[in-house]
Amino acid sequence: MPIEEGSRRSSLSESLLQTPRHGAHITVQPSGELTINPEPHGASILSATFNMVNIYVGVGLLSMPYAMRLAGWAGLAGLVAAVCLFGTSALLFVQAFDKLGPDAPHTFPALGQKVLGKPGRYIVAFFALCEFFGGSVVMMMLMWREMEAVLPATGVFGYSATQAAITISLVAMAPQLIAPSLRSLAWLSALGCLTTVLVALTLLVTVGLDPLRSKMPIQPPAGHDLWALGALPAFGIFAAAVSGHSSLPALRSSMHSQQDFPKVVASSFSLMALFYGMICALGYYYFGRAAADLVTVDLANNSIFTGHWVLLPAFTADKLVEACILVNAFTTYPLILLVIQDLAVSTFPHSREVAGARSAHSVARPALLQLLRIIVFLLDAAVGILAYRQFGNILSLVGGLCSITCSLLLPSLCFLLLYWVEIGWAKRCGIMLIMIVGGALLVLITSDNLKAILAPPQHHVSHFELLPGLL
Numbered sequence: 028m029p030i031e032e033g034s035r036r037s038s039l040s041e042s043l044l045q046t047p048r049h050g051a052h053i054t055v056q057p058s059g060e061l062t063i064n065p066e067p068h069g070a071s072i073l074s075a076t077f078n079m080v081n082i083y084v085g086v087g088l089l090s091m092p093y094a095m096r097l098a099g100w101a102g103l104a105g106l107v108a109a110v111c112l113f114g115t116s117a118l119l120f121v122q123a124f125d126k127l128g129p130d131a132p133h134t135f136p137a138l139g140q141k142v143l144g145k146p147g148r149y150i151v152a153f154f155a156l157c158e159f160f161g162g163s164v165v166m167m168m169l170m171w172r173e174m175e176a177v178l179p180a181t182g183v184f185g186y187s188a189t190q191a192a193i194t195i196s197l198v199a200m201a202p203q204l205i206a207p208s209l210r211s212l213a214w215l216s217a218l219g220c221l222t223t224v225l226v227a228l229t230l231l232v233t234v235g236l237d238p239l240r241s242k243m244p245i246q247p248p249a250g251h252d253l254w255a256l257g258a259l260p261a262f263g264i265f266a267a268a269v270s271g272h273s274s275l276p277a278l279r280s281s282m283h284s285q286q287d288f289p290k291v292v293a294s295s296f297s298l299m300a301l302f303y304g305m306i307c308a309l310g311y312y313y314f315g316r317a318a319a320d321l322v323t324v325d326l327a328n329n330s331i332f333t334g335h336w337v338l339l340p341a342f343t344a345d346k347l348v349e350a351c352i353l354v355n356a357f358t359t360y361p362l363i364l365l366v367i368q369d370l371a372v373s374t375f376p377h378s379r380e381v382a383g384a385r386s387a388h389s390v391a392r393p394a395l396l397q398l399l400r401i402i403v404f405l406l407d408a409a410v411g412i413l414a415y416r417q418f419g420n421i422l423s424l425v426g427g428l429c430s431i432t433c434s435l436l437l438p439s440l441c442f443l444l445l446y447w448v449e450i451g452w453a454k455r456c457g458i459m460l461i462m463i464v465g466g467a468l469l470v471l472i473t474s475d476n477l478k479a480i481l482a483p484p485q486h487h488v489s490h491f492e493l494l495p496g497l498l
């Protein structure tokens, strides 16, 4: 079915993954649906670059110093390698969609079906669902961690800060499962970009005001390593930070001059390399081997801002940053949940048409969708509780398994099979080399993180103690 400009998408995942034919911008309707609205002149190279960077830069930013702690200063080379690999796969991914034709739906499952038949549709959808599910778990854990940081360290209502943070977050999220609507969340979602800038500025000011690390509360400052044995999980974090290729077809089609999109990809990945590199270098220089899995934890406990309040007593500068990240995570999680819901439904188009026909006469379909959201929510909570103290490993696992598969291996495979006859042997060998390297990294990073996650904890903590009265 061709995608008409200005048409309303009934499926949220298709709205995110399909490609408008000319310049367009996407707006959120009060019902939670997305509308593709035409722009008469299309996006410029500058605006498309800004949009792409804004989409890609997310939770991974907060764990950049931790990734450097795992790999040492050699981690900067790993970051550059990740940017080059995923930047190349981004260009291959967009070119592969040109083979679908102007009237075909430009979705990742549709591309998989074009390449591998009907099994390809389900294979691609499975890994895409895994990536979104991993992202939802990471977002929920981030919400808990930031809520715990904002609450008093002594806890509230007789519960520890950890117990209270998890309980309050789950209770606050529950109403959005019953009646998901983005009307009240749309303006808050803009805090995502603000949060990114705020974290970078806070870290930059921290190093600028205390370049010798003499004002850190914990003395002496931690040292550094030229290289360390945690390079594999570090690369997983870098992979998660530079993945998000599902948005690329729509970004390219929103441009006035689509032939300039390679410049947008090159500019965007170059900016991400510089931005992530700055956070990596500054964060690792300042916190060294003591870097926590979230840079906000270090800013709160071991920086020049520790204990200095703003606006209100006991509300310190680091808590302001954490509160912004908390709001961003709280408003982003429901959107990810809706994407998982619609991606799961749209994977089976015939079932979806039948369900859509029934929904006009019964409440069965809305009830089933609510049940699906609740199941995903409960799975997120269960996985988050089991791995609460291993945020860095979970983020690296998502990057190593899901991001490498969805944003590196599958795009490269699709391009290779679709353009096999048209490209020369040199390019074929280059793409196959990328896939071999990506496959090896996937196996090594996944196994390394699974060993860390499944290893017995050094200090036994009962998971049932995290949610008193709920488990």
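So the sequence shown is residues 28 to 498, counted in the numbering used here.
Using N, Cα and C, we set each Cβ at its ideal position, and we do this for glycine too.
Query                                                                                                                                                                                    : Result
In the DSSP assignment, find the alpha helix (DSSP H) that holds D475 and state where it starts and stops.                                                                               : 452-481
Tell me, which residues are paired with Y18 by DSSP?                                                                                                                                     : There is no way to answer for residue 18, as the model of the chain reaches only from 28 to 498.
Suppose the cutoff is 7 Å on Cβ atoms and the five residues either side in sequence are ignored; what does the same chain contact list for Q203 look like?                               : P361
I need the DSSP call for L98, collapsed to helix, strand or coil.                                                                                                                        : Residue identity differs from the one stated: residue 98 is Ala in this sequence, not Leu. Helix, per DSSP.
With contact counted as at least three CB pairs below 8 Å, one residue from each stretch, are the segment 440-452 and the segment 141-152 in contact?                                    : yes
Can you pull the DSSP bridge partners for M282?                                                                                                                                          : A70
Within a Cβ cutoff of 7 Å, which residues of the same chain sit near G383, ignoring the five residues on either side of it in sequence?                                                  : With a pLDDT of 41 at G383, under the threshold of 50, the modelled position of that residue is not reliable, and no figure is offered here.
Considering E14, what are the terminal residues of the alpha helix (DSSP H) in which it resides?                                                                                         : Residue 14 is absent from the structure shown; the chain starts at 28 and stops at 498.
Please report how far the alpha carbon of A479 lies from the alpha carbon of T473, in whole angstroms.                                                                                   : 10 Å
Could you tell me whether the segment 255-267 touches the segment 86-99, using the rule of 3 or more Cβ pairs below 8 Å?                                                                 : yes
What are the boundary residues of the alpha helix (DSSP H) that includes V410?                                                                                                           : 391-413
Within 10 angstroms of its Cβ, does G185 collect 16 or more other Cβ (buried), or is it exposed?                                                                                         : exposed
Start and end of the alpha helix (DSSP H) containing I264?                                                                                                                               : 258-268
Looking at the structure shown, is A319 part of a helix, part of a strand, or coil, going by DSSP?                                                                                       : coil
Taking the continuous alpha helix (DSSP H) assigned at V177, which residues delimit it?                                                                                                  : 145-177
Give the DSSP-derived three-state secondary structure of P510 in the structure shown.                                                                                                    : Outside the displayed range of the chain (28 to 498) lies residue 510, so it cannot be described from this structure.
By Cβ distance, which residues of its chain are closer than 7 Å to G466, with the 5 residues on each side in sequence left out?                                                          : L436
Looking at the structure shown, is Q246 part of a helix, part of a strand, or coil, going by DSSP?                                                                                       : coil
Pair every Cβ in the segment 124-141 with every Cβ in the segment 316-334, then say whether three or more of these pairs are closer than 8 Å.                                            : no
Taking the C-alpha atoms as reference points, what is the distance between P483 and L278?                                                                                                : 44 Å
By alpha-carbon positions, which one of S116, M167, F418, A188 ends up nearest to L406?                                                                                                  : M167
Leaving out five residues before and five after V121 in sequence, what residues of the same chain have Cβ atoms less than 7 Å from its Cβ?                                               : L275, P276, R279, F288
Enumerated in chain order, which unbroken segments of the beta strand (DSSP E) with a length of 3 residues or greater are wholly contained in the segment 114-145?                       : none
When burial is assigned at 16 or more other CB atoms within 10 Å of the CB, is L481 buried or exposed?                                                                                   : exposed
Could you check whether the segment 295-307 touches the segment 97-113, counting it as contact only if at least three pairs of C-beta atoms, one from each stretch, sit closer than 8 Å? : yes
Are V353 and M174 close, meaning C-beta to C-beta below 8 Å?                                                                                                                             : Before going on, a small fix: residue 353 reads as Leu here, not Val. Closer than 8 Å, so yes.
Below 6 Å CB to CB, which residues in the same chain sit around D345 once its five sequence neighbours on both sides are set aside?                                                      : L326, A327, F332
Any contact between the segment 148-168 and the segment 426-434? By contact I mean 3 or more CB pairs, one from each, below 8 Å.                                                         : yes
Looking at the structure shown, is H251 part of a helix, part of a strand, or coil, going by DSSP?                                                                                       : coil
To the nearest angstrom, how far is it from the Cα of L118 to the Cα of L471?                                                                                                            : 25 Å
Could you give the DSSP three-state label for F357: helix, strand or coil?                                                                                                               : helix
Please report the straight-line C-alpha distance between V84 and R455, rounded to a whole angstrom.                                                                                      : 30 Å
Mind checking whether V110 and V269 have CB atoms under 8 Å apart?                                                                                                                       : yes
For D500, which residues from the same chain have a beta carbon less than 6 Å from its beta carbon, with the 5 sequence-adjacent residues on both sides left out?                        : Examination of residue 500 is not possible in this model, given that the chain is present from 28 through 498 alone.
Since A152 and L370 are thought to touch, with beta carbons under 8 Å apart, how far apart are those beta carbons, to the nearest angstrom?                                              : 7 Å
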